[in-house]
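In the order they appear, the protein sequences are chains A and B. Those letters in the first sequence? Residues 1 to 226, per the working numbering, in order. Those letters in the second sequence? Residues 1 to 229, per the working numbering, in order. Heads up, the beta-carbon is just placed ideally off N, CA and C, and yes, glycines get one too. The model shown is predicted, which means the values in this text are computed figures rather than measured ones.
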Amino acid sequence: MLHRRDARMKLLALLAVLVAVATTQPFGLVTASGFAALLGAGLLISRLPVTGVLARAAVVLPFTVTFAGIAWLAGEAGRAFALIAKPYLSALAVLLVVATTPMPALLAAASSLGVPRMLVLVLQFLYRYLFVVAEQAQHMWVAAQCRGAALRTSHRAGRFRAASGTLAVLFARSYEKAEGIERSMLARCFDGRIRLLAPPRLGWRDLALLAFAAVAAWSWRWWVAS
Amino acid sequence: MSVLIQASDVRYRYDDGTLALDGVDFQLEEGETVALLGPNGSGKTTFVLHLTGLLQGSGEITVCGMPVRKENFAAIRAKVGMVFQDSDEQLFLPSVLEDAVFGPRNLGLPADQALAHARQALEQVGMAWAVAKAPYHLSAGEKRRVALAGVLAMSPQILVLDEPTTYLDPPTQRELIRLLKELPQAKILVTHDIAFAQALASRAVFFERGKVAALGAIDEIARRYDWRL
Ligand SMILES: Nc1ncnc2c1ncn2[C@@H]1O[C@H](COP(=O)(O)OP(=O)(O)OP(=O)(O)O)[C@@H](O)[C@H]1O
Ligand SMILES: [Mg+2]
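Here you go:
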């Protein structure tokens, strides 16, 4: 369902939801449940693996839990809750769009919505870069396993040293790979503009998606505020 | 015979100080196939990267009469198809077909024509069955062939192939030789595979420490340097 919707409308809907989540006051359990329900509905119609997406959205938590903890200790329980709930719901919304839209389509949509080309290029580069890093990490892990890495360094300090050394090499190698990829794209006449196979077409369903997400998120915001 | 590529006194130093090219002269004529031979690290890859301005050192290079300069990059890269030593660097789109379409689309072909070119090129290299596959799930030899298709789909006038036979099994190597013989383009083959080079090229250029140490008939060069297994 969500996969086939126009990437531009998905981005705009995402923007509407993100701004609503960020600006709604007060942000208690009830408020959060409203947004969660909206995102939950999106998750259901997207047919994505629910637990997987919920777990992946949690990657933002380590960054926010610290601040929430400080707010909690300062006796501001409400603020602590908002500090955890807002980033988590935002991450969920972003994941919902990213997981249902191929990256090239997403980037093309971003640039057609007026996002500066440089920013789109950087995003695209980051995306490729992440993919490359993950692959390199896997190769190096396999190579290390083959040489019996687990056997030799069982104590923690040794493992840490090996890991940090590996990380440095991983980044150097990934950087070189990314450079190579850039080069091969240029060799095939890439000029920074992403050209999709099929030009995106807007249907009523795409507009309905945007209207629904925006109206739901913003009426909830007004209702909570009043 | 017209000259397609003319390079003179090309020098290049990498950021870490390695002098990779130390005054290279080179010429490629229409319709010919030239093998670039030479030991590991002698500068062959570095040199071919200069042909499309992917690296820029000092010296003078012209491709089809155009100096390799920024304002000509687009036209030159449309004429020179490069297949890289590492296919993983070349295949970065989510599916084989999308990757093969990438070049033709960048040339400005409309989607249906670009698709037709891509499919035909994949057919030529025997990879049409894999259109929907993710390139990173292919075997090394299959990746090689898809990378070649991505370049053939752009119908370049000159083909530059950096180590095209690595990872290919013997029948696939034979198939590649047959395919390359049929293609009318002028070709530069960077390779350590001397049998492959002898099957296709008449002329060879031998690199050594960033210089052209010798050039001439491939059999003569191979004999002089004892370049065989
Ligand atoms: N990115 C780089 N940074 C620094 N030095 C490099 C880089 N790439 C290559 N070199 C060095 O430049 C020299 C020429 O390398 P090049 O890759 O052109 O050799 P080659 O003839 O293609 O070798 P091979 O047959 O092994 O592919 C080598 O000494 C190499 O170590
Ligand atoms: Mg090389």
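Per DSSP, reduced to three states, the secondary structure at residue 48/A is coil, with no helix or strand assignment. Taken in chain order, the unbroken stretches of alpha helix (DSSP H) that lie wholly in the region 50–101 of chain A and span 4 residues or more are 50–57, 61–73 and 77–99.
Residue 42/A sits in a helix when the DSSP states are folded into three classes. Cβ-Cβ distances below 6 Å link residue 90/A to 18 and 21 in the same chain, with the five nearest sequence neighbours on each side left out; the list follows chain order. The residues 167, 168, 169 and 172, in chain order, have a CB closer than 7 Å to that of residue 141/B in the same chain once the five nearest residues on each side in sequence are set aside.
For residue 47/B, the three-state secondary structure derived from DSSP is helix. With contact defined as three or more Cβ pairs closer than 8 Å, the region 114–127 of chain B and the region 85–104 of chain B are in contact.
Only residues of its own chain outside the window of five on either side were considered, and among them 44, 190 and 205 have a CB closer than 6 Å to the CB of residue 36/B, listed in chain order. Each residue's CA atom was taken as its position, placing residue 105/B and residue 105/A some 15 Å apart.
With respect to chain A, the C-beta atom of residue 52/B has a partner C-beta closer than 9 Å.
If only uninterrupted beta strand (DSSP E) runs of at least 3 residues are considered, those enclosed by the region 174–229 of chain B are 186–190, 203–208 and 211–217. Relative to ligand 1, the beta carbon of residue 47/B is positioned inside 8 Å of a heavy atom.
When the five nearest sequence neighbours on each side are left out, the beta carbons in the same chain lying within less than 6 Å of the beta carbon of residue 148/B are those of 83 and 125, in order along the chain. Any Cβ of chain A closer than 9 Å to the Cβ of residue 106/B would place that residue at the interface, and such an atom is present. Of all C-beta pairs linking the region 6–18 of chain A to the region 203–215 of chain A, three or more are shorter than 8 Å, placing the two stretches in contact.
For residue 85/B, the shortest separation between its Cβ and any heavy atom of ligand 2 lies below 8 Å. Relative to the non-hydrogen atoms of ligand 1, the Cβ of residue 44/B comes within a distance shorter than 8 Å of at least one.
Chain B has a Cβ within less than 9 Å of the Cβ of residue 187/A. A straight-line Cα-Cα distance of about 16 Å links residue 161/B and residue 27/B.
Judged by DSSP in its simplified three-state form, residue 202/A adopts coil rather than helix or strand. Around the beta carbon of residue 54/B, 16 or more other beta carbons sit within 10 angstroms, so the residue counts as buried. Partner residues in the beta bridge of residue 5/B, as assigned by DSSP, are 28/B and 63/B.
The Cβ of residue 195/A sits closer than 9 Å to at least one Cβ of chain B. Under the three-state reduction of DSSP output, residue 119/B falls in the helix class. Look at residue 188/A here: in three-state DSSP terms it is coil, with no helix or strand label. For residue 88/B, the enclosing alpha helix (DSSP H) begins and ends at 87–90. Relative to ligand 1, even the nearest heavy atom lies 8 Å or more away from the CB of residue 76/A.
Boundaries of the alpha helix (DSSP H) harbouring residue 141/B: 140–152, taken from the DSSP string.
Taking all protein chains in view, the Cβ of residue 220/A is crowded by 16 or more other Cβ atoms within 10 Å, so the residue is classified as buried.
When CB distances to chain B are screened at a threshold of 9 Å, the residues of the region 88–115 of chain A falling below it are 102, 103 and 104, in chain order. In terms of side-chain proximity, the C-beta atom of residue 213/B is found no nearer than 8 Å to any non-hydrogen atom of ligand 1. In this structure, residue 88/B has its CB at a distance of at least 8 Å from all heavy atoms of ligand 1.
Residue 87/A places its beta carbon less than 9 Å from that of residue 64/A.
Comparing C-alpha distances from residue 68/A to each of 84/A, 183/A and 58/A shows the shortest one belongs to 84/A.
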